[in-house]
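Undergrad: Protein sequence lines correspond, in order, to chains A and B.
Going by our numbering, the first residue of the first sequence is number 1, and it counts up by one from there.
Going by our numbering, the first residue of the second sequence is number 1001, and it counts up by one from there.
Heads up, the beta-carbon is just placed ideally off N, CA and C, and yes, glycines get one too.
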Amino acid sequence: MPIQYYIYFCLTLFSIGIIGVLTRRNAIIVFMCIELMLNAVNLLLVAFSKMHHGAALAANPASTAGIDGQLFVFFIMVVAAAEVSVGLAIIVMMYRNTHSVDINFLNRLKN
Amino acid sequence: MSKIVFLVPLLPLLGFLINGLGRKSLSKQVTAVIGSGVILGSFLLSGYLFSLVPAGNGVVKLFDFIAVNTFNISFSFQVDQLSVLFLLIITGIGFLIHVYSAAYMKEETADHYARYFAYLNLFVFSMLLLVMGSNYVIMFIGWEGVGLCSYLLIGYWFKNANYNYAAKKAFIMNRIGDLGFLLAVFWILYKLGTVEYNEVFAGVASLSKTDIVSITLLLFVGAMGKSAQIPLYTWLPDAMAGPTPVSALIHAATMVTAGIYMIARSNILYTMAPSTQTVVAIVGLATAIFAASIALKQNDIKKVLAYSTVSQLGYMFLGLGVGAYTGAVFHVITHAFFKALLFLGAGSVIHAMHHEQDIRKMGNLRKYMPVTHITFLLACLAIAGIPPFSGFFSKDEILAAAFAHSPIYYLIGVGGALMTAFYMFRLYTLTFLGSFRGTHEQEHHLHESPSAMTIPLIVLAILSVLGGFIGIPEAFAANSHWLEHYLSPIFASSTALVEPHHLSRSQEYIMMGVVTAIIIAIILFAVNTFKKGIGDTEEAKGIGKLLENKWYIDELYDAVIVNPLNSFGGFLKNVIEKSGIDGVVNGVGKLVAYGSRQLRLVQSGQVANYLLIMILSMVIFFIIWFNDLHIMRFINKLF
Chain A
1 MPIQYYIYFC LTLFSIGIIG VLTRRNAIIV FMCIELMLNA VNLLLVAFSK MHHGAALAAN
61 PASTAGIDGQ LFVFFIMVVA AAEVSVGLAI IVMMYRNTHS VDINFLNRLK N
Chain B
1001 MSKIVFLVPL LPLLGFLING LGRKSLSKQV TAVIGSGVIL GSFLLSGYLF SLVPAGNGVV
1061 KLFDFIAVNT FNISFSFQVD QLSVLFLLII TGIGFLIHVY SAAYMKEETA DHYARYFAYL
1121 NLFVFSMLLL VMGSNYVIMF IGWEGVGLCS YLLIGYWFKN ANYNYAAKKA FIMNRIGDLG
1181 FLLAVFWILY KLGTVEYNEV FAGVASLSKT DIVSITLLLF VGAMGKSAQI PLYTWLPDAM
1241 AGPTPVSALI HAATMVTAGI YMIARSNILY TMAPSTQTVV AIVGLATAIF AASIALKQND
1301 IKKVLAYSTV SQLGYMFLGL GVGAYTGAVF HVITHAFFKA LLFLGAGSVI HAMHHEQDIR
1361 KMGNLRKYMP VTHITFLLAC LAIAGIPPFS GFFSKDEILA AAFAHSPIYY LIGVGGALMT
1421 AFYMFRLYTL TFLGSFRGTH EQEHHLHESP SAMTIPLIVL AILSVLGGFI GIPEAFAANS
1481 HWLEHYLSPI FASSTALVEP HHLSRSQEYI MMGVVTAIII AIILFAVNTF KKGIGDTEEA
1541 KGIGKLLENK WYIDELYDAV IVNPLNSFGG FLKNVIEKSG IDGVVNGVGK LVAYGSRQLR
1601 LVQSGQVANY LLIMILSMVI FFIIWFNDLH IMRFINKLF
């Protein structure tokens, strides 16, 4: 499959994520959209990694070029998991305090 | 010799430290004994050095003062014929003035009394440093020191704003001269790489004509400031604000002679720069008659003496200018005797009159103060140039040298000498003869001063009468001029270059005779004119008014220099400072405050806003960071 398809797909996913983050007021949906953006990036990383690695293998069977992209993905997933746990905890606390997950109510720190 | 030389300036410094630091606890007697004692010690040591001088080569190195790589300025003293003579004058007359001060300043409280003696000792210390240093840098330390001490002593009664003003004036005028001196020292250092006298004078042949003329002119600017020559003389009459013994010390033994000493010390430089010598002679001559003319109409006893000092200093510079270095130094010595005597005598009068200084309100004081009267008369005769008093010999020597140089110098110089005789005897007559014109109360209190004041007067009177015999003109007897022989090693290189002119004996006899006769006539005329006193109500007219107001020189300086500078300062303060510098500083502050007020609005508290800003920034960063051709081409290929 040409790499362009992956790029188009990831761009679409990422844009959906951005639009979701900007337009939705539900904290959980905003959160999910952030995850969507992260995963769009992950997917793109994997796709490029595969592409470069395949090209390098054809030249030299022992080559490891390009696999660092996949390594990066693991890191992003780990960080994302940690972030999710913190984020969800914040949302839970928020719900307990305000009985709502609307981010527009999250302006108490102002002033 | 080298073991004790450093003690000469050290003793006054110690006196200064003890009196200065212990001024709260020392009693007046102790202060006076310490203050005078250290000067006496210096004087005795100077006498000892004087007896040793012809033996040693003179330079005594104490330690390295400034040592950088190969460049070295040592802290060393040069004790030779010239400096040892000055040492004797400074410490000798300084000692007498200290003794006199002990009585004169009795009315001060103990701590101010100690402050006075501390300053006085510091003054003597600075002056000793000035004449003893073996290079221009050490001289400069002393040079600045006497400037500082004159400021402190002129402004001694610092509660009087006018006195402070006079002190500041003296200091600033001196600073102008000091700048010239400093530039000259730098110039010497740049050209010759050394400031040691011996090395500079040895290397002078390698200097270009321009260098020598510039250096000597700049040094002369320094001398103008310190020795009160036109145009920097106006501080000296104002310096009368200080206590009278201080005036005696500044104007007789120290400070004002510094310029003469410096030029006499650098005589070879001046001999090699005839054009500078002409400038020196003309400035000296102009000062001599100019100041004498002002003194004719002054009514303050100390002001008359002050202008007389300026005038006599003019004669010394005339002597230096026409190459009569010995004559100039000779006049310094005799002038130190009789001018110290005149000032101390004036102090004695002021003391008796309860700080009345206007000679129009005096008169007939000879009845009440016989010792002061006799000694003052002797000093007047000496300064007027009546033989065989000391002033006659020294002034005659300078005038003879001036005649040999140019008869015009001589005529003008004699004119000044005649004026000197006139104003001195005007002063004398108004003060001591005639009838008393002060109040009854003052008359009731008139008294001779205590012996601590009269003994210095008597000693100085003896010196004023006999001092001239160290330099009897060759016209009277061969090899009779002791001073010339004594100083000949100092001026040897100059005399080798330019042989001093000598007048024929008959010429000299005629000149002396005629001038003396005219001077005696003028003295008699002055005594007769002023016997009855002068009214203080009559308004002077024409030239008299001009003289009374000192040729309006102070007003001229105010109009030309002081006021424009003041208004320029005011402009800087009110316009540049207030709206310029303050405006910028305050503006920056206001801008920051305004900017932060606006920036605060961004923090709305709306999470969506923050997210929007975050994403926009990401996009912007993306555009900035990945804005390179390779990626753009790839992106183009995608779409």
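How many Å lie between B:Gly-1147 and B:Ser-1247 at the Cα?
TA: 14 Å
Undergrad: Shorter than 9 Å from the beta carbon of A:Val-84 to some beta carbon of chain B?
TA: No, no contact with chain B.
Undergrad: Assuming the contact rule is C-beta atoms closer than 8 Å, B:Ser-1227 and B:Gly-1180 should be a hit. Round their C-beta distance to whole Å, please.
TA: Their Cβ separation, rounded to whole angstroms, is 12 Å, which puts B:Ser-1227 and B:Gly-1180 out of contact at 8 Å.
Undergrad: Find the residues of chain B that neighbour A:Cys-104, judging by a C-beta separation of less than 8 Å, and give them in chain order.
TA: Residue 104 of chain A is actually Asn in this sequence, not Cys. Result: Gln-1606, Val-1607 and Ala-1608.
Undergrad: Ends of the alpha helix (DSSP H) at B:Val-1329?
TA: 1325-1352
Undergrad: Would you decide whether B:Gly-1513 is buried or exposed? Buried here means 16 or more other CB atoms lie within 10 Å of its CB.
TA: exposed
Undergrad: B:Asp-1300 lies in the alpha helix (DSSP H); which residues open and close that run?
TA: Element bounds for B:Asp-1300: n/a, residue is neither H nor E.
Undergrad: Taking 8 Å as the limit between beta carbons, can you name the residues of its chain near B:Asp-1300, skipping five residues before and five after?
TA: Met-1240, Gln-1357, Asp-1358 and Ile-1359
Undergrad: Check whether the Cβ atoms of A:Gly-17 and A:Met-37 sit closer than 9 Å, and answer yes or no.
TA: yes
Undergrad: With a 10 Å radius around its C-beta and 16 neighbouring C-beta atoms as the bar for buried, classify B:Ala-1032 as buried or exposed.
TA: buried
Undergrad: Taking DSSP's pairing of strands, which residues face B:Phe-1036 in a bridge?
TA: In the sequence on display, residue 1036 of chain B carries Ser and not Phe. Bridge partners of B:Ser-1036: none, in fact.
Undergrad: For B:Phe-1016, which residues in the same chain have their Cβ closer than 7 Å to its Cβ, ignoring the five residues on either side in sequence?
TA: The residues are Ala-1118, Asn-1121, Leu-1122 and Phe-1125.
Undergrad: Can you tell me whether B:Met-1632 is buried or exposed? The criterion is at least 16 other CB atoms within 10 Å of its CB, across all chains shown.
TA: B:Met-1632 comes out exposed.
Undergrad: Are at least three pairs of beta-carbons, each pair with one atom in the segment 1220-1234 of chain B and one in the segment 1095-1103 of chain B, less than 8 Å apart?
TA: no
Undergrad: When DSSP builds the beta bridges, which residues end up paired with B:Ile-1374?
TA: DSSP lists no partner for B:Ile-1374.
Undergrad: For the segment 1546-1554 of chain B against the segment 1441-1454 of chain B, do three or more pairs of beta-carbon atoms, one drawn from each stretch, fall closer than 8 Å, so that the two count as touching?
TA: no
Undergrad: Leaving out five residues on either side along the sequence, give the residues of the same chain with a beta carbon under 6 Å from the beta carbon of A:Cys-10.
TA: Ala-40, Leu-43 and Leu-44
Undergrad: For the pair the segment 1413-1429 of chain B and the segment 1492-1499 of chain B, tell me if three or more CB-CB distances fall below 8 Å.
TA: no
Undergrad: Of the residues B:Arg-1115, B:Tyr-1270, B:Asn-1072 and B:Leu-1085, which one's Cα is nearest the Cα of B:Gly-1193?
TA: For the residues B:Arg-1115, B:Tyr-1270, B:Asn-1072 and B:Leu-1085, the minimum Cα distance to B:Gly-1193 belongs to B:Asn-1072.
Undergrad: By the 10 Å Cβ neighbour count, where 16 or more other Cβ atoms means buried, how is B:Glu-1641 classified, buried or exposed?
TA: With chain B covering 1001 to 1639 only, the question about residue 1641 of chain B has no answer from this structure.
Undergrad: In terms of alpha-carbon separation, which member of B:Ala-1352, B:Ala-1292 and B:Phe-1392 lies closest to B:His-1508?
TA: One point to set straight first is that residue 1508 of chain B is Glu, not His, in the sequence displayed. Ranking the options by Cα distance to B:Glu-1508, first place goes to B:Phe-1392.
Undergrad: In the segment 1539-1577 of chain B, which residue ranges form an unbroken alpha helix (DSSP H) of at least 4 residues, counting only runs that do not cross its ends?
TA: 1542-1548, 1553-1557 and 1563-1571
Undergrad: Between the segment 1316-1334 of chain B and the segment 1342-1354 of chain B, do three or more beta carbon pairs fall short of 8 Å?
TA: no
Undergrad: A:Val-21 versus chain B: which residues are under 8 Å apart at the beta carbon?
TA: Leu-1611 and Ile-1615
Undergrad: In the DSSP assignment, the beta strand (DSSP E) including A:Asn-42 goes from what residue to what residue?
TA: A:Asn-42 -> not in any beta strand (DSSP E); alpha helix (DSSP H) instead, spanning 27-59.
Undergrad: Do B:Tyr-1410 and B:Ala-1281 have their CB atoms nearer than 9 Å?
TA: For B:Tyr-1410 and B:Ala-1281, no; Cβs fall outside 9 Å.
Undergrad: Which chain A residues are close to B:Leu-1629, counting only those with a beta carbon under 9 Å from its beta carbon?
TA: B:Leu-1629 does not reach chain A, its nearest Cβ partner there being about 19 Å away, counting only Cβ pairs nearer than 9 Å.
Undergrad: In terms of alpha-carbon separation, which member of B:Leu-1381, B:Ile-1018, B:Thr-1309 and B:Gly-1363 lies closest to B:Thr-1439?
TA: Closest option to B:Thr-1439, judged by alpha-carbon separation, among B:Leu-1381, B:Ile-1018, B:Thr-1309 and B:Gly-1363: B:Gly-1363.
Undergrad: Any heavy atom of the ligand ADP closer than 8 Å to the beta-carbon of B:Ala-1559?
TA: For the structure depicted, the ligand ADP is absent and the ligand set is empty, with no information on it obtainable.
Undergrad: Which bits of chain A does B:Leu-1599 rub up against, with CB to CB less than 8 Å?
TA: Within 8 Å Cβ-Cβ: nothing; B:Leu-1599 doesn't reach chain A, min ~14 Å.
Undergrad: Please confirm whether A:Ile-7 has its beta-carbon closer than 9 Å to some beta-carbon of chain B.
TA: yes
Undergrad: Among the candidates A:Pro-2, A:Gln-70 and A:Gly-20, whose CA atom is the shortest distance from the CA of B:Leu-1612?
TA: A:Gly-20
Undergrad: Quick check on this structure: which residue in B:Gly-1533, B:Thr-1529, B:Cys-1380 and B:Val-1005 has the alpha carbon closest to the alpha carbon of B:Gln-1078?
TA: Among B:Gly-1533, B:Thr-1529, B:Cys-1380 and B:Val-1005, the Cα nearest to that of B:Gln-1078 belongs to B:Val-1005.
Undergrad: Going along the chain, which residues of the segment 18-45 of chain A sit with their C-beta nearer than 7 Å to a C-beta in chain B?
TA: Ile-18, Val-21 and Leu-22
Undergrad: Leaving out the 5 sequence neighbours to the left and right, which residues in its chain are closer than 7 Å to A:Arg-25 when beta-carbon positions are compared?
TA: Asp-102, Ile-103 and Asn-104
Undergrad: Could you tell me which uninterrupted alpha helix (DSSP H) segments, each at least 4 residues in length, are contained entirely in the segment 1197-1224 of chain B, listed from first to last along the chain?
TA: 1197-1202
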